[in-house]
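*Asks:* Counting in the working numbering, the sequence shown tops out at residue 431, every number present. No residue lacks a Cβ here, since even glycine has one placed at the ideal position from N, Cα and C. Take a look at the following structure, please.
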Amino acid sequence: MRRRASSRGLAGAVPVVVLSLTTGSPATALPAGPDGGAATEEITRAVTAEQLEGHLRAFQEAADAHGGNRAAGTAGYRASVDYVVERLQAAGYDPRVQVFTAPDDEHHEEEYGEEYGEDTAAGPRVTYNVLADTPTGDPGSTVVVGAHLDSVPEGPGLNDNGSGAAGVLAVAEALAGTDTRNRVRFAWWGAEELDLNGAVHYVSDLRSSDPGAFDDIALYLNFDMIGSPNYGRFVYDGDTSGGGWHDDAVEAPAGSDAIEAAFEGYFESAAIAVEEVPLDDGSDHLVFAEAGIPVGGLFTGDVGEKTRREVAQYGGEAGVAYDPCYHAACDDLDNVDRQVLEEMSHAMAAVVLGFASSTIDDGTPLHPPDGWPRRGVLEELGPVLTGLAAGSVVAAVTVAVAVAVRRRARGRR
19 MRRRASSRGL AGAVPVVVLS LTTGSPATAL PAGPDGGAAT EEITRAVTAE QLEGHLRAFQ
79 EAADAHGGNR AAGTAGYRAS VDYVVERLQA AGYDPRVQVF TAPDDEHHEE EYGEEYGEDT
139 AAGPRVTYNV LADTPTGDPG STVVVGAHLD SVPEGPGLND NGSGAAGVLA VAEALAGTDT
199 RNRVRFAWWG AEELDLNGAV HYVSDLRSSD PGAFDDIALY LNFDMIGSPN YGRFVYDGDT
259 SGGGWHDDAV EAPAGSDAIE AAFEGYFESA AIAVEEVPLD DGSDHLVFAE AGIPVGGLFT
319 GDVGEKTRRE VAQYGGEAGV AYDPCYHAAC DDLDNVDRQV LEEMSHAMAA VVLGFASSTI
379 DDGTPLHPPD GWPRRGVLEE LGPVLTGLAA GSVVAAVTVA VAVAVRRRAR GRR
């Protein structure tokens, strides 16, 4: 996670090279629920502690073998990319590696130049995003699920953001081979720690080179730091009831409230305590929000200090940072709380499946047609949506999940 005080605009488009990779054998599909969709209970069960642990260890090994970090433009980052690609191939996906150049400026040179070592000088550096789509689902209703894959130069970045990257990879593996009504695109962003450059490049390039595909993005879910050792459990505030963006530079786009409701509904059904946290400008969701796309996600805290009230809810130690190793060399395997990582990954899996399966009552997927009325509250639109599998913990939530996901009018852009 990149903590900066100011808002960022989208960078200009950079020419893109996309490497198409060969797929491996397909994974076994999840068991079908009563309506033909995969049951929420099955996808959460498919995201295991052992699976998450294996991904974390692979990221640690990538850093250990390459100078102690996985920063953009380094061999450690490339090893992380290779690992994600290999796991996606084994699950039956056809991943794409998007190559781009992360620009450097005076701020980056001052803050990062010496840290990159003699394997990369300060200045522009070539790096990568990894993208993988489900083979089924309406591409006109694309649900993008992302986490940044790079670390800062100071350390291996296991909580920031090996935790989010591992969770997204585990959910992608769990969903592999399952038919979905809506296309799901899993993304691992490069150069997030250099001003969100991976997500900036993806969005700006898509808007300029394929505006139709950009317009097909229904929503974006972000997972950055979901295993903090002195954690809080936070859902991003999509309806601004908790204060919205820290600097008020960007409002949560219409539809973000439905994403918040989906996550909170899952946690309520699982009897797990959570609270809202403002959508700030510290991670990749900002890029999508500035483009008018509904955003949401999960977070377990960074430099902020845990309160006594939060200790009563989650345990841990009051007056201590949620992640005392934030952007430090000690952000290693010992800096990730496995319990909260598993809880957040299960919530991710349930909500991703809910959005992948949701339709409007006439069978139209998430993405409303042009002219769909922009009615303002969840209660008003909820009855027009169909749910997920009967009896699923997300079924009731899904009735309200997609209500506003695309209330932004296409004509605004």
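Could you check the C-alpha separation between Asn215 and Gly91 for me, to the nearest Å?
*Replies:* Residue mapping note: residue 215 aligns to position 197 of the sequence shown, counting from 1. Residue mapping note: residue 91 aligns to position 73 of the sequence shown, counting from 1. So the two alpha carbons sit approximately 12 Å from each other.
*Asks:* Determine whether the beta carbon atoms of Leu224 and Ala231 lie at a separation below 7 Å.
*Replies:* Taking the sequence shown and counting its residues from 1, the one referred to as residue 224 is at position 206. Taking the sequence shown and counting its residues from 1, the one referred to as residue 231 is at position 213. Yes, these two residues count as a Cβ contact at 7 Å.
*Asks:* Between Ala336 and the rest of its own chain, which residues show a CB-CB distance below 7 Å, the 5 nearest in sequence each way excluded?
*Replies:* Position 318 of the sequence shown holds residue 336. The residues are Lys324, Thr325, Arg326 and Val329.
*Asks:* Count the other CB atoms, across all protein chains shown, that sit within 10 Å of the CB of Pro142; report buried if there are 16 or more and exposed otherwise.
*Replies:* Position 124 of the sequence shown, counted from the first residue, corresponds to residue 142. Under this definition Pro142 is an exposed residue.
*Asks:* Between Leu193 and Asn179, what straight-line distance do the alpha-carbon atoms span, to the nearest angstrom?
*Replies:* Taking the first residue of the sequence shown as position 1, residue 193 is located at position 175. Taking the first residue of the sequence shown as position 1, residue 179 is located at position 161. Their backbone Cα atoms lie some 21 Å apart in a straight line.
*Asks:* Would you mind working out which of Val163, Ser227, Pro342 and Gln107 sits nearest Ala365, comparing C-alpha positions?
*Replies:* On the sequence shown, position 347 is the one that residue 365 refers to. That would be Val163, whose Cα lies nearest to the Cα of Ala365.
*Asks:* Keeping to the same chain, check which residues put their C-beta closer than 7 Å to that of Ala209; ignore five residues upstream and five downstream.
*Replies:* Here residue 209 refers to the residue found at position 191 when the sequence shown is read from its first residue. So the qualifying residues of the chain are Ala90, Ala120, Thr145, Asp168, Asn215 and Gly216.
*Asks:* Would you grab the beta carbon distance between Ala165 and Val186 for me? Rounded to a whole angstrom, and I think it's under 8 Å.
*Replies:* What you label residue 165 is simply residue 147 of the sequence shown in a count that begins at 1. What you label residue 186 is simply residue 168 of the sequence shown in a count that begins at 1. Between Val186 and Ala165 the Cβ distance is about 5 Å, and since that is below 8 Å, they are a contact.
*Asks:* Are the beta-carbon atoms belonging to Val370 and Tyr284 less than 7 Å from one another?
*Replies:* Counting from 1 along the sequence shown, the entry for residue 370 is found at position 352. Counting from 1 along the sequence shown, the entry for residue 284 is found at position 266. No, they are not a contact pair.
*Asks:* Apply the 10 Å Cβ neighbour rule to Ser181 and answer buried if 16 or more other Cβ atoms are within range, or exposed otherwise.
*Replies:* Within the sequence shown, the letter at position 163 stands for residue 181. By the neighbour-count rule (16 or more Cβ atoms within 10 Å), Ser181 is buried.
*Asks:* Exposed or buried, Val321, counting other C-beta atoms within 10 Å across all chains shown (16 or more means buried)?
*Replies:* Taking the sequence shown and counting its residues from 1, the one referred to as residue 321 is at position 303. Looking at its Cβ environment, which holds fewer than 16 other Cβ atoms inside 10 Å, Val321 is exposed.
*Asks:* Take the Cβ of Pro312 as the centre, count every other Cβ of all protein chains shown within 10 Å, and call the residue buried at 16 or more, exposed below.
*Replies:* Taking the sequence shown and counting its residues from 1, the one referred to as residue 312 is at position 294. Buried is the call here.
*Asks:* Measuring from the CB of His303, is there a heavy atom of the ligand MG at a distance below 6 Å?
*Replies:* Within the structure as shown, the ligand MG is missing, as the structure has no ligands at all.
*Asks:* What would DSSP say about Asp82, mapped onto helix, strand or coil?
*Replies:* Against the sequence shown, residue 82 aligns to sequence position 64. If DSSP states are grouped into helix, strand and coil, Asp82 belongs with the helices.
*Asks:* Residue ranges of each alpha helix (DSSP H) run of no fewer than 4 residues wholly in the segment 189–240, ordered along the chain?
*Replies:* Qualifying alpha helix (DSSP H) stretches, in chain order: 215–227 and 229–233.
*Asks:* In chain order, what residues of the same chain lie with their CB nearer than 7 Å to the CB of Ser98, ignoring the 5 residues before and after it?
*Replies:* If you number the sequence shown from 1, residue 98 lands on position 80. Result list for Ser98: Phe77, Ala80, Arg88 and Leu167, in chain order.
*Asks:* Does the distance from the C-beta atom of Gly372 to that of Tyr340 stay below 7 Å?
*Replies:* Here residue 372 is taken as the residue at index 354 of the sequence shown, counted from 1. Here residue 340 is taken as the residue at index 322 of the sequence shown, counted from 1. It is not a contact, given that the beta carbons lie outside the stated cut-off.
*Asks:* Over what stretch of residues does the beta strand (DSSP E) that includes Arg251 continue unbroken?
*Replies:* Here residue 251 is taken as the residue at index 233 of the sequence shown, counted from 1. Per DSSP, Arg251 belongs to no beta strand (DSSP E) and is neither H nor E.
*Asks:* Just checking my contact of Ser301 with Asp242 at CB under 8 Å: how many whole Å lie between their CB atoms?
*Replies:* Counted from its first residue, the sequence shown places residue 301 at position 283. Counted from its first residue, the sequence shown places residue 242 at position 224. So it is a contact: roughly 4 Å between Cβ atoms.
*Asks:* Look at the Cβ atom of Asp234, then the Cβ atom of Pro157, and state whether they are nearer than 7 Å.
*Replies:* To locate residue 234, count along the sequence shown from 1; it is residue 216. To locate residue 157, count along the sequence shown from 1; it is residue 139. Yes, the pair counts as a contact, with Cβ atoms nearer than the cut-off.
*Asks:* Report the three-state DSSP secondary structure of Thr58 (helix, strand or coil).
*Replies:* Taking the first residue of the sequence shown as position 1, residue 58 is located at position 40. Looking at Thr58 - three-state DSSP - the assignment turns out to be helix.
*Asks:* Alpha carbon to alpha carbon, what distance is there between Ala367 and Thr7?
*Replies:* Given that the chain is displayed from residue 19 to residue 431, the structure contains no residue 7 and the question cannot be resolved.
*Asks:* Please classify Ala57 as buried or exposed, where buried requires at least 16 other C-beta atoms within 10 Å of its C-beta.
*Replies:* For the purposes of this step, residue 57 is taken as the residue at position 39 of the sequence shown. Classification for Ala57: buried.
*Asks:* Tell whether a beta-carbon distance below 7 Å holds between Leu176 and Leu359.
*Replies:* Taking the first residue of the sequence shown as 1, we reach residue 176 at position 158. Taking the first residue of the sequence shown as 1, we reach residue 359 at position 341. No, these two residues do not count as a Cβ contact at 7 Å.
*Asks:* Could you tell me how far apart the beta carbons of Val253 and Val292 are, in whole angstroms, since I believe they sit closer than 8 Å?
*Replies:* Reading the sequence shown from its first residue, position 235 is the one you call residue 253. Reading the sequence shown from its first residue, position 274 is the one you call residue 292. So it is a contact: roughly 5 Å between Cβ atoms.
*Asks:* Once DSSP output is grouped into helix, strand and coil, what is the label at Val292?
*Replies:* Your numbering for residue 292 matches position 274 in the sequence shown. Note: Val292 maps to coil in three-state DSSP.
*Asks:* Between the Cα of Arg96 and the Cα atoms of Cys348, Ala83 and Ala276, which residue gives the shortest distance?
*Replies:* Taking the first residue of the sequence shown as 1, we reach residue 96 at position 78. Closest by alpha carbon: Ala83.
*Asks:* Under DSSP, the alpha helix (DSSP H) around Ala279 begins and ends at which residues?
*Replies:* Your numbering for residue 279 matches position 261 in the sequence shown. Ala279 -> alpha helix (DSSP H) spans Ser274 to Ser287.
*Asks:* On the DSSP bridge list, what partners appear for Tyr146?
*Replies:* Stepping through the sequence shown from its first residue, residue 146 is reached at position 128. Note: Tyr146 sits in a beta bridge opposite Val117.
*Asks:* Quickly, what does DSSP pair Asp298 with across the bridge? List them, please.
*Replies:* Walking along the sequence shown from the start, residue 298 turns up at place 280. None, per the DSSP bridge assignment.
*Asks:* In three-state terms, what does DSSP make of Ser259?
*Replies:* Locating residue 259 in the sequence shown gives position 241, counting from the first residue. DSSP places Ser259 in coil when its eight states are reduced to three.
*Asks:* Exposed or buried, which one is Gln357 when buried takes at least 16 other CB atoms within 10 Å?
*Replies:* As a working note, residue 357 is residue 339 in the sequence shown. It counts as exposed.
*Asks:* Just mark Ala279 as buried or exposed, buried being the case when its beta carbon has 16 or more other beta carbons within 10 Å.
*Replies:* Residue numbering aside, residue 279 sits at position 261 when the sequence shown is read from its first letter. It counts as buried.
*Asks:* Name the DSSP beta bridge partners of Phe317, please?
*Replies:* By one-based count along the sequence shown, residue 317 stands at place 299. Paired residues: Phe252.
*Asks:* For Thr258 and Asn248, I'd like the C-alpha separation in whole angstroms.
*Replies:* For the purposes of this step, residue 258 is taken as residue 240 along the sequence shown, with counting starting at 1. For the purposes of this step, residue 248 is taken as residue 230 along the sequence shown, with counting starting at 1. Near 25 Å, if we compare the C-alpha coordinates of Asn248 and Thr258.
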